[in-house]
Amino acid sequence: AGTLTVSNAITATGTGSVTLASDEIAITAAITAGTGGAALYPVTATNPIYLNAGTGAFYLSDGELDFITAPILTVGRTAHTGQIHIDSAITVPNLTLVNNTGGIEIASSVTTTGTLALTANGVGIVGAITRTGGTLASTGGAVTLNAATGIGSIAGPTPIVVGTVGGTLSATNTTSGDLYLQTTSTA
């Protein structure tokens, strides 16, 4: 299959969007999307996605994410069943993580200056957002968490820790599991 390498600028204007789908990806040049946003995901739906660490084939570093300018940056998709791992701190303008059944694991901080949305909700029956470290924050927009089988865990106890939110904070757990959030002032 090979690696999809973006080594020349990609630009979509107006309502245009940019979608990059490959099981391996490397970004070394600017990607600019129109109002349609940018979407990145592995072709093989069961492959995990690693953000800013890990050894997986679909690995996006904070530096690679910095090459992307889009009103909405979506990593993953509704058909994605491999887990999404946030392994080291990332800072981006806007970020939406989408996963069907593999869940989203937060091991380090995610900070946006706009919106931040995490969805792990496979048709309302499977998918959790878990945390082993880090904080979610959005200095200029909303934070939205949506899962089917838990956001944080009371049994751990491992809450999802939320820092600054520049808009609204919304958390929806549709099927089972805990809904456990904590602010940084008590973390």
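Its first residue numbered 2, the sequence shown is counted upward by one per residue in our numbering.
Every residue, glycine too, gets a C-beta built ideally from N, C-alpha and C.
Note that the structure is a prediction, hence the values are computed from the model and not measured.
Using the C-alpha atoms, what's the distance from residue j back to residue i?
i      : j      : result
Ala188 : Ile155 : Its pLDDT being 46, under 50, Ala188 is placed unreliably by the model, and the measurement read from it follows with that caveat. Taking the straight line from one Cα to the other gives about 14 Å.
Thr75  : Gly178 : 25 Å
Ala149 : Gly77  : 17 Å
Ala138 : Gly167 : 8 Å
Gly17  : Thr173 : 30 Å
Ile130 : Ala121 : 6 Å
Thr113 : Gly64  : 14 Å
Gly151 : Ile87  : 17 Å
Leu5   : Glu25  : 6 Å
Thr184 : Ile161 : 8 Å
Thr175 : Gly128 : 10 Å
Ile32  : Phe59  : 17 Å
Thr97  : Ser62  : 16 Å
Val163 : Leu182 : 7 Å
Apply the 10 Å Cβ neighbour rule to residue i and answer buried if 16 or more other Cβ atoms are within range, or exposed otherwise.
i      : result
Asn95  : buried
Pro43  : buried
Ser171 : exposed
Thr136 : buried
Ala10  : exposed
Thr12  : exposed
Thr102 : buried
Tell me, please, which residues DSSP counts as bridged to residue i.
i      : result
Arg132 : Ile107
Asn174 : Ala148
Ile85  : Ile50 and Ile105
Ala40  : Thr20 and Thr75
Ile26  : Leu5
Please name the residue, chosen from the options, that lies closest to residue i on a Cα-to-Cα basis.
i      : options                           : result
Thr116 : Asn53, Asn101, Thr165 and Thr33   : Thr165
Thr169 : Ile152, Gly153, Thr176 and Leu146 : Leu146
Ala30  : Asp88, Gly134, Ser8 and Ala108    : Ser8
Thr14  : Pro72, Leu98, Gly141 and Asp67    : Pro72
Pro158 : Gly141, Thr140, Gly134 and Val144 : Gly134
Ser110 : Thr102, Ala118, Gly123 and Thr92  : Thr92
- Can we say the segment 68 to 85 touches the segment 48 to 55, given the rule of at least three CB pairs closer than 8 Å? yes
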